[in-house]
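**Q** First to last, the protein sequences are chains F and G.
Everything in the first sequence is counted per the UniProt record's numbering, starting at 1 for the first residue and increasing by one.
Everything in the second sequence is counted per the UniProt record's numbering, starting at 1 for the first residue and increasing by one.
Right, I'll just put the structure down here and ask away after.
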Amino acid sequence: MASLPKRIIKETEKLVSDPVPGITAEPHDDNLRYFQVTIEGPEQSPYEDGIFELELYLPDDYPMEAPKVRFLTKIYHPNIDRLGRICLDVLKTNWSPALQIRTVLLSIQALLASPNPNDPLANDVAEDWIKNEVGAKAKAREWTKLYAKKKPE
Amino acid sequence: MGNVPGKMDQEDGFNDARPDSSYNTASSSTTVKQYDDDIPSRVRARRTSSLVNSILNGNNTRTRAGSNLSSTNRRKTSREKELAKEAHAKQLIVRCSETVDGGFLAPFGCYSFEKLDYDATVVKNLIIKRMIAPFYTPLQDFDESWTRDELIKIVDGLPLHDTFDENLEEFEDVPIGNLRKPTFNELIDKSLSKKEQRRMHARIFRARLYKKRIIWQENESETFLERKLDMKRIDSKLRNASDNRSNQTKKNHHLPSDDLKYVLYKNGSECPICFLYFPGPFNHSKCCQQPICTECFVQIKRADPHFPHDEVDPTEPPTNDDEKDPNLLTSEPANCPYCATANFSITYQPPTDRETGIGGMPPESYVYRNGAISKPDDGKPHVSVITSDTIRPDWETKLNKERSRLMRRSANATAIHISNRLIDPNHSTRRSTSHSSTPVQDESTSASRSPEPTINEIEDQMVREAIRLSLEDQENRRKPKNKNTSF
C-alpha cells in the first residue's frame, strides 16, 4: 500500500488534537483511511440526545474525491436511507478538495438539524415528512430513543 | 443491453465462425459503422445494423472483404491510442534537465498516474512561458528554525519523483512479458472468447505501461543522482584547488546552485489542498485569491458528462437516465474549490527574484542578489488567466462522444425492442423481411398497447436514425485530429 498522503496525516492529527464539539472521529489502527465517527444529534431536533455512529472512508483519490460516509446507527431521516447512505451535496457533486473531514462531519450534523425532504434519498420517509411533518418527526424521535441511545458513561 | 443476455455473444459467434451465414450480420456492420474503433459500441452497432440490414437486404452490396479492411483499420487505431498513451506517460516523467525557476515541467507524484489526464504539452508550455507555477518538489514539513545549511542539505536529499508502488494490487497477476518488445500477443490466452481477449489485452497494456513508466522515471532519477554526485566531486576539487571556475565546470548540469535552493524553499508555504510545503510564488484563484499548487490545480477539472440534477418530487416515480434525451447531457466548468465560484481560473505572477532554466539563466549559476532581477522588457506586468479547460482542450470532444454514445445506446435499445417484436415464432426466415413486405405482427405485444406507430413507421424511423448515426460517425472520423496543441 502506498504511503499515506501528508494531508490525511495532518487532518487526523488535527481531529484528535482539536476535536469538533459533538463529533468524534478516530482512524482504525490497521487502516488509517477508515474512521469510526460519532455525531451527537443537534439540540431541538428530533435527534436530540442521540449518539449516532457513522463510518467514514477516504478513497484513494481523496481529497479530489469526497470521503465516503455512512450512518451505522438506524435513523429516520428523509436524506438518509435504510442502509445509512446520506444524500448530501458536499458528499457528491458539490464536493471540493478544499473541504475536509471536519467540514463534512459538520455538514452532516447540520443535515440532522434541517432535513431536506425535497431532495430525498429515502423516498418513503420523505413522502411521510412532506405529508405529515409532525408525525414524521415523532417517529424520528422514537427511533432516536430506540437506536441512538447514549451509552451509559 | 441487459435485457437480452446471450444474444450479443451469439451474434459474435456467427461473425467469427460462419462468415457466410445466412444471418448476414458481418457485412452489414461495416455499412453502418465502418470505422468505429470503440469495440463495445461496435458490437452494439451490429445489433442495430443487423436489423437495419435485414430491412435493407436487397441493397447490401458490401462484401466480406470490406469488413476485413475495416477490422485492420480498427486495430490500427487502437494501436495508435496505445502509442498516444505511452507518449503521454513519457511526458509525465520529471526530467532533471527541464526546470523553470527551480521547479519542473512534470508533477512530483502526489496524485496517482491514472489521474494525470491533463494535456501535458499544454502545461509544459505554460510553465516554460511562466504563465503557471512549475511543479516544485514538495517538502513534507518546513521548520522556520532551519539554518541555511540545514535547508540546503534537506533540499539536496529530495528525489525527482515520489516513490512508486511497485506491486500494485490491480496488476498483481497480470503478465507483462518482455517490455522491450513492442507487442505482447503471445501473452494472451487464445482459448478465451474474443471479448475476454480484448479485456486481457487492455489489462496487460495498462500493467506494462505502469511498469514502463516506473522504469523511465527511475532511469531519469539515476541521471539526477549521478549529476548531484558529479557536482559534489567538482565542488570539493575546486575547493581544494581554491579555484573559482565552478560555473565553467558545472555547466549543463541543470542543478540548482545553493543560493537557488535556499531562495526557493526559504520563502515557501503550504498548499491548502495537499498540505505540502512548496516554494512560492503560488498560482492564485482569480475569484478569491487563494493559493493552489500546480500539482493540485491540474487535478481540478469540469464534471464528467451527466444529466442536470433537479430537485425530485418524491411523490413522482423517478425517471430513468436511459429515458432522458442525450442532448441534455452537460458538463459544467469546474468551480473554485475555495469559494465555489463558477468557471474556476487561476492567475500566476512569476517570481521576480529568479529566472532560471529554460529561457532563463542556467540554474547552476544562479546567485542571489537582493531585489528583483531587472529585465529590459519589464514594461507591463504580465498576468495570465488559466482555466482547467485550458489544460484539457479536448473536453468538448469528450462530451460529444458521450452524447453520441448514449444516442447510439438508446437507438440500439429501440432496435432491440422492435426486433423482438418483429420476430414471429411461426416464421423461421427472418432475413427475408424486406422493407415493404413485413409480414410480422406480434400480437401478444402490439395488440395490447395502443395507440402505437405502425411497424413501417418504426422501421422508417430506425433506418433514418441508423443512417444518421452512421453519417455522424464518419463525419467525426473525417475531422482531422487536432493534436497540435502547442502554443
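Heads up, the beta-carbon is just placed ideally off N, CA and C, and yes, glycines get one too.
Could you give the first and the last residue of the continuous beta strand (DSSP E) run that contains F/E55?
**A** 51-57 is the extent of the beta strand (DSSP E) around F/E55.
**Q** Check distances from the C-beta atoms of the segment 61-73 of chain F to those of chain G and list, in chain order, the residues that come in under 8 Å.
**A** The segment 61-73 of chain F vs chain G, Cβ under 8 Å: D61, P63, M64.
**Q** Looking only at its own chain, which residues have a Cβ that is under 8 Å from the Cβ of G/A303, when we skip the five neighbours before and after it?
**A** Counting only Cβ-Cβ distances below 8 Å, and skipping sequence neighbours, we find S331, E332, A334.
**Q** Interface residues of chain F around G/P337 at Cβ under 7 Å?
**A** Simply S96, P97, A98.
**Q** What is the DSSP secondary structure of G/F297, reduced to helix, strand or coil?
**A** Three-state DSSP puts G/F297 in a helix.
**Q** Using a Cβ-Cβ cut-off of less than 7 Å, list which residues of the segment 260-293 of chain G approach chain F; keep chain order.
**A** Cβ contacts with chain F: P272, I273, C274, F275, L276.
**Q** Have a look at G/N476 and G/K115 and give me their C-alpha separation to the nearest angstrom.
**A** Spanning the two alpha carbons is a distance of roughly 27 Å.
**Q** Rounded to the nearest angstrom, what separates G/R369 and G/I152 at their Cα positions?
**A** When rounded, the distance between both Cα atoms is 18 Å.
**Q** Give the straight-line distance between the Cα atoms of F/T93 and G/N178, rounded to the nearest whole angstrom.
**A** Those two C-alpha atoms are separated by around 43 Å.
**Q** Along chain F, in chain order, which residues have C-beta atoms closer than 8 Å to that of G/Y111?
**A** Within 8 Å Cβ-Cβ: D61, M64.
**Q** Where do the ends of the alpha helix (DSSP H) carrying F/S17 lie?
**A** Note, F/S17: alpha helix (DSSP H), 6-17.
**Q** Can you find a C-beta in chain G that's less than 9 Å from the C-beta of residue 179 of chain F?
**A** For chain F, the structure presents residues 1 to 153; residue 179 of chain F sits outside this window and is missing.
**Q** Got a sec: is the Cβ-Cβ distance from G/A342 to anything in chain F below 9 Å?
**A** Chain F contact via Cβ: absent.
**Q** Looking at the strands, I want to know which residues DSSP matches up with G/Y210.
**A** BP columns for G/Y210 are empty, so no partner.
**Q** Could you give the first and the last residue of the continuous alpha helix (DSSP H) run that contains F/Q109?
**A** Taken as a continuous stretch (DSSP letters only), the alpha helix (DSSP H) holding F/Q109 covers 101-113.
**Q** Do the segment 130-146 of chain G and the segment 270-289 of chain G make contact, defined as three or more Cβ pairs closer than 8 Å?
**A** In short, these stretches touch, since the Cβ pair count reaches three.
**Q** Jot down the residue ranges of each uninterrupted alpha helix (DSSP H) in the segment 128-189 of chain G, minimum 4 residues, whole runs only, in chain order.
**A** Listed in chain order, they are 148-156.
**Q** Quick check on the DSSP output: the beta strand (DSSP E) that includes F/R70 runs from which residue to which?
**A** Where F/R70 is concerned, the enclosing beta strand (DSSP E) stretches over 68-71.
**Q** Do you know offhand how far G/N283's Cα is from G/V298's?
**A** Straight-line Cα distance between these residues: approximately 11 Å.
**Q** For residue 560 of chain G, name the three-state secondary structure that DSSP assigns.
**A** Residue 560 of chain G lies beyond the range of chain G shown here (1 to 487); nothing can be said about it.
**Q** Mind reading off the beta-carbon distance from F/I39 to F/Q109? Whole number of angstroms is fine, and I expect it under 8 Å.
**A** The pair is a contact, with the Cβ atoms about 5 Å apart (cut-off 8 Å).
**Q** Provide the residue(s) that pair with F/P27 in DSSP beta bridges, ordered along the chain.
**A** F/P27 pairs with F/F35.
**Q** By the DSSP assignment, the alpha helix (DSSP H) with G/T330 in it spans what residues?
**A** Premise fails: G/T330 is in no alpha helix (DSSP H) and is neither H nor E.
**Q** Report buried or exposed for G/T163, applying the criterion of at least 16 other Cβ atoms within 10 angstroms of its Cβ.
**A** Its Cβ having fewer than 16 others within 10 Å, G/T163 is exposed.
**Q** Measure the CB-CB distance between F/E53 and F/L32 and report whether it falls below 9 Å.
**A** Contact flag unset, no.
**Q** Where does G/N283 fall in DSSP's three states?
**A** Reduced to three states, the DSSP call for G/N283 is strand.
**Q** Spatial neighbours of F/R141 within its chain, please: CB distance less than 6 Å, with the 5 preceding and 5 following residues excluded, ordered by chain position.
**A** The residues are P46.
**Q** DSSP beta-bridge partners for G/P291?
**A** Partner(s): G/H284.
**Q** Can you give me, in chain order, the residues of the segment 118-139 of chain G that have a beta carbon less than 9 Å from any beta carbon in chain F?
**A** Answer in chain order: P138.
**Q** For G/F171, tell me which candidate among G/V155, G/K195, G/F205 has the shortest Cα-Cα distance.
**A** The candidate whose alpha carbon is nearest that of G/F171 is G/F205.
**Q** Is it the case that the Cβ atoms of G/T356 and G/V94 are separated by a distance below 9 Å?
**A** No, the Cβ-Cβ distance between G/T356 and G/V94 is not below 9 Å.
**Q** Identify, in the order they occur along the chain, each residue of the same chain with its Cβ nearer than 6 Å to the Cβ of F/G50, setting aside the five sequence neighbours on each side.
**A** Closer than 6 Å at the Cβ level, and outside the excluded window around F/G50, lie G41, T144, A148.
**Q** Roughly how many angstroms separate the alpha carbons of G/K398 and G/Y136, rounded to a whole number?
**A** About 30 Å.
**Q** Secondary structure at G/R421, three-state DSSP: helix, strand or coil?
**A** Residue state, collapsed to three classes: helix.
**Q** Comparing C-alpha positions only, which one of G/I458, G/S285, G/A84, G/L260 sits nearest to G/P363?
**A** Ranking the options by Cα distance to G/P363, first place goes to G/L260.
**Q** Quick one: what does DSSP say G/H201 is sitting in, helix, strand or coil?
**A** DSSP places G/H201 in helix when its eight states are reduced to three.
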